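Chains A and B, in that order, are what the protein sequence lines are. Going by numbering that gives the first Met the number 0, the residue at position 358 of the first sequence is 357; the numbering climbs one at a time, nothing skipped. Going by numbering that gives the first Met the number 0, the residue at position 108 of the second sequence is 107; the numbering climbs one at a time, nothing skipped. In this text, a Cβ means the ideal position worked out from N, Cα and C, and glycines have one as well. Computed from a predicted structure; not experimentally measured.
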Amino acid sequence: MTKLTLRGVSKAYGATQAVRRGDLEIAPGEVHVLIGSNGSGKSTLCKIVAGSVRPDAGAVLLDGEPVAVSGPQAARALGIGIFYQELSLAGQRTVAENICLTDLPRKAGLFVDRRALAERAQRYIALFEDVAGDDFAADAVVDRLRADQRQLVEIMKALATEAPVLIFDEPTSALDRAQVERFFAILRGLKQEGRSMIFISHRMDEIFAIGDRVTVIRDGETVATMALADTEPAAVIRLMVGEKDELAAAAPQPAAAVASGRAEPLLEVEGFTGAGFHDVSFAVARGEILGFGGLHGQGQSAVLRALFGALPHSAGSVRLAGRPLASRGPRETIRRGCAYVSGDRGRDGVITGRPILENVMPIHYLRNRLVLARPGALRDKARPALEALRTKFAGFGYPVSSLSGGNQQKIVIARWLIDRPSVLLLDDPTKGIDLSTKADLFALIRELAGEGLGIVLYSSEDAELLANADRILVFNGGRISRELVGDERTRYNLYHAAYEAA
Amino acid sequence: MSADTTRSDAPPRPRLRLGALKAPVVVALILIVALLALGEALSPGFASFEQILRLLIVAALLGIVAAGQNLVILGGREGIDLSVGGVVSLSAIVAGNVMNGADGGIAMAILACVATGALFGAFNGLGVTLLRIPPLVMTLGMLGVLQGLLVVIRQGIPSGRAAPALSEFVTRPFLLGLPGIIWLWIAIGLVMAFVLKRTVFGHRIYAIGSNEHAAYMAGVPVRTMRVALFTLSGVFAAIAGICLLGYSGSSFANVGEQYMLPSIIAVVFGGTPLAGGRGGYTGTMAGAVLLVILQSILTTVNIDESGRQMVFGATLLVLMLFYGRGRTMRA
């Protein structure tokens, strides 16, 4: 008798098929691990179970009965509780209130029963006694807590639903060793009570420590389910990679100088440390495309932003073309020849509502210390940059928002092409843009490398990274955990390094 | 994907650009003509040349204040300068005392006033950028400080008089039958249009107004820009204060108070939304003229000061209904 069954569920967002075919069987009293690479569909599958996403097809069965999980409210009524990866706490409220937020105890159906609330919250706070930190208390305001403490509150909130089925989507990412141990002890207790848990984590050691069975999901399809006792990490990773691991052969041949290691280093980073990254050291040579890989949010983006000067760093040294780069802000790094393109173009890139010309020009203004903006002269400067990217636009006077997402990103990139930078930092630059734009972009990047630029490319799409980077640094927990050079650049090696215990 | 390509291939209809840029000016001009006709109907002689000239002088005073207000609002991040009225009053008193009726003191007075305006404007800008005080609170607080300062100054020191040359500049025809202040206003209008459209500074104003973070990432000195905008607002208010002294002959404490709300309304009327990042000064000029005519009509039909204030407040709310909301929903 299975507790929860997903049979052939699918979900598409527009043209993107997030889940093609999801089959999942969760037994009572088991911790069922769900694993898959970036964007393979794990979170969507969880959201279907939790009712926040409605599947296009397929069936959800609870205790053998087909159910329609029509929304989060319905999920709670059916006995499904979820820990959200993106924290869903009310920041201005206390720990106790957040724990009981899903079902506040009431007096006379209207007023919050303060005493009952405190008592109930205390039960869950007590579970993490001694590991939550000294300043962790029922009446502490959530916004003042550390990241790990907030994550504990989120766990307590999920536990407080007392639901027979609990979903934990990366619940341990911010926790320390002792907190994880305690959490696992609690999960074992819940298993004894016969509750079912879906557990998502990227740490192989945790998965093998707490999981009973694992289901591997690849490209939106659940490809295998097996008992963790009968398998090993390498086998799980092989299933995540799939049959087609020929990408290393397709990877480009870097320029001869780069390949032989004779190229002079352009950007040298030593012991770089800041919020979200520790002791990062690497060098980029002229003409080299250095890839940053690994799971989401392991510090890749933070390192790039800090190098550009948009985030502070606390330690380490950076040298650009042999001279120290003390970045006090983007203005200074831009003047020194640093370029940075963010995948979050709405926030970091596009000057919304302004004409295309004004969107292409700001870097040119800065690097040439211009005072006057003569449209004719500026158009002549902008045109070759936009043509290099094969940008489609009707005229320089049209607002940038009249363009498609891919073409908007091309406008943002074109900014950096008028006065050539020496280092190009690409922070997941192809997020949410179409395939033809991606092709244009990577063709340009290779060309720029050929001209002698040093390029750092972080991509959340592993295939992009494997196909374009000459060398890949895999990030794990804010540190570089492995360097993949030459023939080592395979999907298997990339996953292996990314999923290794932090 | 094919949908994306077709969308970017097809040029957006030019109507969109016309709608965003020109319409407020056109609407304001139509309203100006309509209100003049209404005034003439209510009180014959309302739309005579002398009367229109007088209205334009008053509009120029408002328009110069609104130029600074316009810059601050364009810069976005809830940019607004509520202290302009206080700066106008203070500037008029400083000018009156420095020149004290003598033509020889005009240059010195201008210098003193511009420095005063720049100082208070810069304070506003620093409070907004370094101390991260919201512009509304910062400039409202500054207005309080200025009002207190005016009370202190008024005790003891007699307020000064305008120099004859200054009064002449504001009220007497100077060139082509128009007084100097109208020419000054036209010059300011041309300079503003040039700065906003054809200089890096202008483009950067729009950039920080429409996406501050993207502007920062593209090397725009966001803080310096914002301090500069508030400083310019103070300077424009100070210039208006000097001209106001010339218009009224002598300075009294709260002459500038009447400019706070109208300067904002003129900007919004002219097509610059309070969210910033769009619009320009040409529309604001039309908005200033429109407001002055409206005020004059209200006076003609014997609506007193409190009634006029109510009409102005209601006008701003109605304008918000048309211009203010669209931006927020699209953003």
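Residue i CB to nearest heavy atom of the ligand MN below 8 Å
i, result
"I185/B", "In terms of ligand content, the structure shown is empty, and the ligand MN therefore cannot be addressed."
Nearest to residue i (by Cα), restricted to the options the options
i, options, result
"V213/A", "G219/A, T230/A and E220/A", "T230/A"
"S280/A", "L303/A, V359/A and R366/A", "L303/A"
"L29/A", "L456/A, R176/A and Q191/A", "Before going on, a small fix: residue 29/A reads as Glu here, not Leu. E29/A has its Cα closest to that of Q191/A, out of L456/A, R176/A and Q191/A."
"I479/A", "A282/A, P420/A and S200/A", "A282/A"
"Y397/A", "A11/A, F198/A and R378/A", "R378/A"
"G276/B", "E211/B, A33/B, D303/B and L30/B", "E211/B"
"K409/A", "T489/A, L385/A and D418/A", "L385/A"
"S69/A", "A58/A, G90/A and V52/A", "V52/A"
"V48/A", "S39/A, G38/A and L60/A", "L60/A"
"A544/A", "L116/A, A157/A and R322/A", "Because chain A is modelled from 0 through 501, residue 544/A falls outside the range shown and cannot be assessed."
"A162/A", "P71/A, L483/A and A442/A", "P71/A"
"V26/B", "T230/B, G282/B and V310/B", "G282/B"
Cβ neighbours of residue i in the same chain (closer than 6 Å, five flanking residues each side left out)
i, result
"F45/B", "G38 and E39"
"V130/A", "A177, Q178 and R181"
"S313/A", "T272 and G273"
"G278/B", "G270 and T271"
C-beta neighbour in chain A for residue i, strict 9 Å
i, result
"V267/B", "no"
"M98/B", "no"
"R203/B", "yes"
"P220/B", "yes"
"N301/B", "no"
"V190/B", "no"
"A227/B", "no"
"Y215/B", "yes"
"F200/B", "yes"
"G276/B", "yes"
Reduced DSSP category for residue i - H, G, I as helix; E, B as strand; rest coil
i, result
"H31/A", "strand"
"D138/A", "coil"
"V184/A", "Looking at the sequence shown, residue 184/A is not Val but Ala. In this structure, A184/A counts as helix in the three-state DSSP scheme."
"R368/A", "coil"
"L364/B", "Any question about residue 364/B goes unanswered here, given that chain B covers just 0 to 330."
"Q146/B", "helix"
"E263/A", "coil"
"M107/B", "helix"
"R327/A", "coil"
"R488/A", "coil"
"T283/B", "helix"
"P354/A", "strand"
"G21/A", "strand"
"V349/A", "coil"
"G120/B", "helix"
"P170/A", "coil"
"N96/B", "helix"
"S166/B", "helix"
"S316/A", "strand"
Sequence-distant residues of the same chain with beta carbon closer than 8 Å to residue i, five excluded per side
i, result
"P133/B", "E77 and V127"
"L365/A", "R330, I333 and R334"
"F82/A", "E153, I154, K156, A157, L165, I166, F167, D168 and P170"
Residue i at chain B interface by Cβ criterion, 9 Å
i, result
"Y498/A", "no"
"A309/A", "yes"
"T351/A", "yes"
"L303/A", "no"
"V370/A", "yes"
"I355/A", "no"
"D439/A", "no"
"D347/A", "yes"
"R414/A", "yes"
"Y12/A", "no"
"I34/A", "no"
Residues near residue i by beta carbon distance below 7 Å, same chain, minus five either side
i, result
"A301/A", "G273, A274, G275, F276 and L310"
"P383/A", "none"
"E49/B", "none"
"R171/B", "P178"
Requested in this report: Tell me the start and end of each unbroken alpha helix (DSSP H) in the stretch 14-68 of chain B that is at least 4 residues and wholly inside, in chain order.
Outcome: 14-20 and 22-41
Query raised in the report: What beta strand (DSSP E) runs, 3 residues minimum, are completely inside the stretch 181-250 of chain B?
Result: none
Query raised in the report: Can you give, in chain order, each stretch of the beta strand (DSSP E) that sits fully within the stretch 385-423 of chain A and has at least 3 residues?
Result: none
Requested in this report: Entirely within the stretch 106-163 of chain A and at least 3 residues each: give me those beta strand (DSSP E) ranges in chain order.
Outcome: none
Query raised in the report: Considering only residues of the stretch 51-99 of chain A, which uninterrupted beta strand (DSSP E) runs meet the minimum length of 3 residues and lie entirely inside it, listed in chain order?
Result: 56-61, 64-66 and 79-82
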